[in-house]
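Okay, structure first, notes after.
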Amino acid sequence: MRILYKLRKREGLLVRHALITAGARGLGRRVTEELLAKGYSVTVTYRDEASAVELREQYSHLEERLQLLQGDVTKKEDISRIVGQTVERFGRIDFLINNAGPYVFERKRLMDYDEQEWHDVINGNLTAVFYLLKQVIPLMRQHEFGRVINYGFQGADSAPGWIYRSAFAAAKVGLVSLTKTIAYEEAQFGITSNMVCPGDIVGPMKESSIEQARMHGERRAPIGRPGTGEDIARVITFLCEENSDMLTGTVIEVTGGMDVIHRHR
Numbered sequence: 000m001r002i003l004y005k006l007r008k009r010e011g012l013l014v015r016h017a018l019i020t021a022g023a024r025g026l027g028r029r030v031t032e033e034l035l036a037k038g039y040s041v042t043v044t045y046r047d048e049a050s051a052v053e054l055r056e057q058y059s060h061l062e063e064r065l066q067l068l069q070g071d072v073t074k075k076e077d078i079s080r081i082v083g084q085t086v087e088r089f090g091r092i093d094f095l096i097n098n099a100g101p102y103v104f105e106r107k108r109l110m111d112y113d114e115q116e117w118h119d120v121i122n123g124n125l126t127a128v129f130y131l132l133k134q135v136i137p138l139m140r141q142h143e144f145g146r147v148i149n150y151g152f153q154g155a156d157s158a159p160g161w162i163y164r165s166a167f168a169a170a171k172v173g174l175v176s177l178t179k180t181i182a183y184e185e186a187q188f189g190i191t192s193n194m195v196c197p198g199d200i201v202g203p204m205k206e207s208s209i210e211q212a213r214m215h216g217e218r219r220a221p222i223g224r225p226g227t228g229e230d231i232a233r234v235i236t237f238l239c240e241e242n243s244d245m246l247t248g249t250v251i252e253v254t255g256g257m258d259v260i261h262r263h264r
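In structure tokens:
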């Protein structure tokens, strides 16, 4: 199945390949669309079949550059299968975009979490990234190029307390340190590692464009509009560029100046 890889190799062209987790809906979908628009090939992991079917149908004309694989990135066996199938078809993984990450929407104090909720959030947002890095970084080293993109939240770089979001905050603050450590350890192999921190991007805005957001407006936002998936996708695709190699170990907030984590104090 390494059709695209063999074709490009024969033509002497290089098509960078992205692996994005949970890339069939929400922010991940918008990032997937931007990567495809830039000419990259993309493997998308998903859990929701309906979203994957819709994405596949919408981009059927780009089927040679798009692969959708169902799996749970908290399971090592699923990660091994996903990475294996990606390399089998495309021959490489240049960008690892860790978009997946469970989140408890109910506002709960730490004492109200049960153990399973805690482990699900920590594993999904931190341990899963470790599993993926272990599988993907050796592939990036082979080509002396790689881009690792993780997701955080406003202020994660300073390890703030986030009331009612203890598990998520703890996982993401840990991921900040992991992001920076990978940046230092892998720089010699041409691999960068950065974190993007979305602001208050909710509902349909996750898959919306900046133009749509300007039409919608948002009085609470200092810049006068809500954040969108396009805002996040633009930052991520910029970080993936070859000439963005000076940006590594950075935590980039995309908030429009809105304070998200302190509004419930």
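Numbering of the sequence shown is given in numbering that gives the first Met the number 0, commencing with residue 0 and proceeding in unit increments.
Where is the CB? At the ideal position from N, CA and C, for every residue including glycine.
Counting Cβ pairs closer than 8 Å, one from the region 223-232 and one from the region 197-207, do we hit at least three?
yes
Rounded straight-line distance, which links the Cα of G22 to that of D71:
13 Å
Within 7 Å, strictly: CB atoms of N122 and G27:
no
I222: buried (16+ other C-beta within 10 angstroms of its C-beta) or exposed?
exposed
If you drop the 5 nearest sequence neighbours on each side, which residues of the same chain put their C-beta closer than 6 Å to that of L65?
V41 and Y58
Scan the region 14-54 and note each continuous beta strand (DSSP E) run of 3 residues or more that stays entirely inside, going in chain order.
16-19 and 40-45
Here's the rule: buried if 16 or more other CB atoms are within 10 angstroms of the residue's CB, otherwise exposed. What is T180?
exposed
With a threshold of 7 Å on Cβ separation, who are the neighbours of D47 within its own chain once the five nearest residues in sequence on each side are excluded?
A23 and R24
Taking 7 Å as the threshold (C-beta atoms), are T178 and N149 in contact?
yes
In chain order, which beta strand (DSSP E) runs of at least 3 residues are fully inside the region 103-164?
145-150
Those residues which DSSP pairs with V250 across a bridge
M194
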